[in-house]
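See structure below.
There are 2 protein chains.
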Amino acid sequence: MAGTSSTMSGGVTTPRGFRAAGVSAGIKAKEGSLDLALLVSDAPARAAAVFTTNRALAAPVVVSREHLARSGGTVRAIIVNSGCANACTGEEGMQVARDMAAETARLLGCPVEQVLVASTGVIGVALPMEKIRGGLPLALRALGADQGPSAARAIMTTDPFPKEAATTISIAGRDVAIGGMAKGSGMIEPMLATMLAFVTTDAMVPKALLDRALGEAVNDTFNAITVDGECSTNDCVMLLANGASGASVDEATYGAFVAGLTTVCRELALGIVRGGEGATKLITVRVTGAASSGEARRAAKAIANSPLVKTAIHGGDPNWGRLIAVAGRAGVAFELSRAAVTIGSTVLFKDGRPYDEAAPEAAEYLKGTDLTVSVHLGAGNLSSTVWTCDLSAEYVRINADYRT
Amino acid sequence: MAGTSSTMSGGVTTPRGFRAAGVSAGIKAKEGSLDLALLVSDAPARAAAVFTTNRALAAPVVVSREHLARSGGTVRAIIVNSGCANACTGEEGMQVARDMAAETARLLGCPVEQVLVASTGVIGVALPMEKIRGGLPLALRALGADQGPSAARAIMTTDPFPKEAATTISIAGRDVAIGGMAKGSGMIEPMLATMLAFVTTDAMVPKALLDRALGEAVNDTFNAITVDGECSTNDCVMLLANGASGASVDEATYGAFVAGLTTVCRELALGIVRGGEGATKLITVRVTGAASSGEARRAAKAIANSPLVKTAIHGGDPNWGRLIAVAGRAGVAFELSRAAVTIGSTVLFKDGRPYDEAAPEAAEYLKGTDLTVSVHLGAGNLSSTVWTCDLSAEYVRINADYRT
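Residue numbers (this note's numbering), protein chains in the order written: chain V, 17 to 420; chain P, 17 to 420.
Structure follows, in structure tokens:
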């Protein structure tokens, strides 16, 4: 059953017992822009979350971590604003993050530690609490089981399109839904920082299994994508499980649950890469023949972040030498005489010998927009897959001209 | 005396007892292009070298390492070709690298292990030995104590200008000259891989001191520059000391020698960055307040390689949030409440508080072409300086269109 689930249309309100809203609180400069999202579970939900490893933690990350610890992982709501990251904003910013949670809790009538907070947008600018305070009642009134799409739009910054995904799995004969929404991609939206993802399920999942499932799913999805190798001050992935389906996940059904969760997270993660700044191609980087899984991932990330690889693919150039050179400098076991490079299904280098006669075939393949490049390290039998996008002049234009 | 030496015009033939040549051997497609350089010490010289850490080692790197080990660090000549990297070329490539050294040794009448070899150019293409064989007698005839500039041109690939530097220091009352030439910058010339540097001195330096001096100088210069974070299959820095000045470096004069060597290496290294693909600005990245020197360097490299930082500076945007965000994700001790960002001499963030009112001043400064950005990590008192260039749409154009 695991691995066979596929996404359907839907999002955070596809699982039963979740309502959402996306409203305009006037945080973004453009009048009427959606910039405040509220996600509510009708009953207290079990929650798991992973946060950025960046040491310049934004205030909402600090507050959400505290609340998860204090509530023992029980959450009623998540309040998210876009347009301002509330990062590098000192003690005042901490107070605003606390006030956002407190005001949401007051309106919902739940303990403050059952509210998580997230922000995305410009770093170093104060988040005006009065706008949040004004927007919250609007969000509360707009809450609906059909408002997942509004919430998905309200968390966007420079995202070219909203990212939503959902799937259904069967647990002990009952249908369980998993849904999610996401925005951004690491520092792909610079200053408008941040990758945020929110996933819901109506399964009942014990806290320990929920944490484990989120860790596994994130490792193979959100942690396996890269646009420019950056990691923002505000990144987080939050998962709520409210049990509204009446189905309980246990060790026996854990595999099915992780598979469904991974399906939803992968769809969201690939959406982030496809929407990367200036991106014209989705690139799957597959590394095989590694001495360990960690080394496979490290080499794959090095390739996926290499500006030389990303520009070559942008230009449709089957430049296998760059793939070999990056694998060779990735700091992992690598044996040139047994290494190989494949673009699509075309072998361009194998066992120390180039196959440049195949370059035209590979160049033709690179005209596509959904591409796979594979590097065999010749040092073992472990592998890893990561996803990235190409690097275009448009990326430079967006990032050089941002703010000026 | 140390640290006061500055560069003067000159290069590898500025020290006494060295001759060089740059000729056309027909390796590069364009007729008459200089592509074969020969550097000869009239007397056997002490040699030290550092090579790429890339595991996909090019054949000339393998051969030069072998020769240095076999000769105990005694070298008469270095033969260098451009236009072909002789990398990923299997056993045939190894044979060509060996033959290049052997033929040079035969013509000079010295043991083969006293000849080092280097190549730079396209990866995965066979280096035609008959062209090297045809070019070598031309190079021998052209050898001259005034031919450093020709050699510096003959090692270029897509470099916009040749890189040469020289200085004079005083050792025990005698003038000692140090000179050098360099090309490229890591993988800045993709496929046309490689940073190569060759440094000469007429000091007499014991092998142990020579190795130590090169390691120190390279650490603060060639290892402190980055254009795109890549490291090629062919990178090397070679240093020859022939004693022709009659001055000997010992522990007492080691400091002065390292200072002079560092001056020459820094000038060459900065020339490489200035000539980076698409570069319009030289950026000095200074990290202070680190818990260790290693962490300072790591954070500085992370900032210097960040496409977000490089594009912001390209666009003249004093985007201090990106500098903080990169420092925070660099994997080093970092304390946001004590951190600071300075662009030029303008403080934009300090002790957890933004100083955005100073942004116009910083933006004005960023219009320059020789810039310094500083990040204080707030975690200790150690520091590091690295150099990089901005990231322009021109970089993408060069690298996307290369080969196609």
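For every residue, glycine included, the Cβ atom is placed at its ideal position computed from N, Cα and C.
Contact annotation: in the segment 80-97 of chain P, no residue has its CB less than 9 Å from a CB in chain V. Residue environment for residue 176(P): exposed (fewer than 16 other C-beta atoms within 10 angstroms of its C-beta). Chain order gives the chain P residues near residue 369(V) as 106, where near means a beta carbon separation below 8 Å.
Positions of the beta strand (DSSP E) runs, each at least 3 residues long and wholly inside the segment 34-62 of chain V, are given as 34-39 in order along the chain. Residue pairing by DSSP places residue 160(V) opposite 36(V) in a beta bridge.
For residue 178(P), no Cβ of chain V is located within less than 7 Å of the residue's own Cβ. With fewer than 16 other Cβ atoms from the protein chains shown falling within 10 Å of its own Cβ, residue 146(P) counts as exposed. In the DSSP secondary-structure assignment, residue 402(V) is bridged to 301(V). Under the DSSP definition of a beta bridge, residue 370(V) partners with 365(V).
In the DSSP assignment, the residues bridged to residue 97(P) are 52(P) and 135(P).
Taking a beta-carbon distance threshold of 7 Å, residue 350(V) counts as an interface residue toward chain P. In the pairwise beta carbon analysis, the segment 182-195 of chain P is classified as touching the segment 216-231 of chain P: at least three pairs are separated by under 8 Å. Interface annotation, residue 213(P): not in contact with chain V, CB-CB separation never under 7 Å.
Contacts with chain V at 7 Å (Cβ-Cβ) include residue 71(P). Between residue 338(V) and residue 352(V), the CB-CB gap reaches or exceeds 7 Å.
Straight through space, the alpha carbons of residue 355(P) and residue 400(P) are spaced by roughly 16 Å. In its chain, beyond the 5 residues on either side, 61, 62, 217, 219, 220, 221 and 226 have a beta carbon closer than 7 Å to the beta carbon of residue 257(V). Taking C-beta separations shorter than 7 Å and ignoring five residues to either side along the sequence, the partners of residue 81(V) in its chain run 67, following chain order.
For residue 390(V), the enclosing beta strand (DSSP E) has its first and last residue at 386-392.
Put simply, the backbone Cα of residue 118(P) is about 49 Å away from that of residue 342(P). Excluding sequence positions up to five before and after residue 336(P), its CB lies within less than 6 Å of the CB of 357, 364 and 365, all in the same chain and listed in chain order. Against chain V, the beta carbon of residue 327(P) has neighbours under 7 Å at 412, 415 and 416, listed in chain order. Residue environment: residue 199(V) is assigned as buried (16 or more neighbouring CB atoms within 10 Å of its CB, all protein chains considered).
Interface flag for residue 388(V) against chain P is unset, since no Cβ pair is found closer than 7 Å. According to the DSSP assignment, residue 232(V) belongs to the alpha helix (DSSP H) that extends over 223-235.
The Cβ of residue 143(V) sits no closer than 7 Å to any Cβ of chain P.
The three-state reading of DSSP puts residue 115(P) in helix, counting H, G and I together.
Chain-ordered listing is empty here: chain V has no CB closer than 8 Å to the CB of residue 238(P), the nearest sitting near 15 Å. Looking at the DSSP output, residue 195(P) shares a beta bridge with 182(P) and 216(P).
Residue 315(V) places its beta carbon less than 7 Å from that of residue 348(V). For residue 104(V), there is no enclosing beta strand (DSSP E), as DSSP marks it with neither H nor E. The beta carbon of residue 53(V) sits closer than 6 Å to the beta carbons of 38, 96, 167, 170 and 171 from its chain, once the five residues preceding and following it are set aside; these are given in chain order. Closer than 7 Å to the CB of residue 173(P) there is not a single CB belonging to chain V. Going by C-alpha positions, residue 404(V) is about 34 Å away from residue 369(P).
For the options 162(P), 144(P) and 211(P), the alpha carbon positioned closest to that of residue 45(P) is the one of 144(P).
Excluding the 5 residues flanking it on each side, residue 48(V) has same chain C-beta neighbours closer than 6 Å at 40, in chain order.
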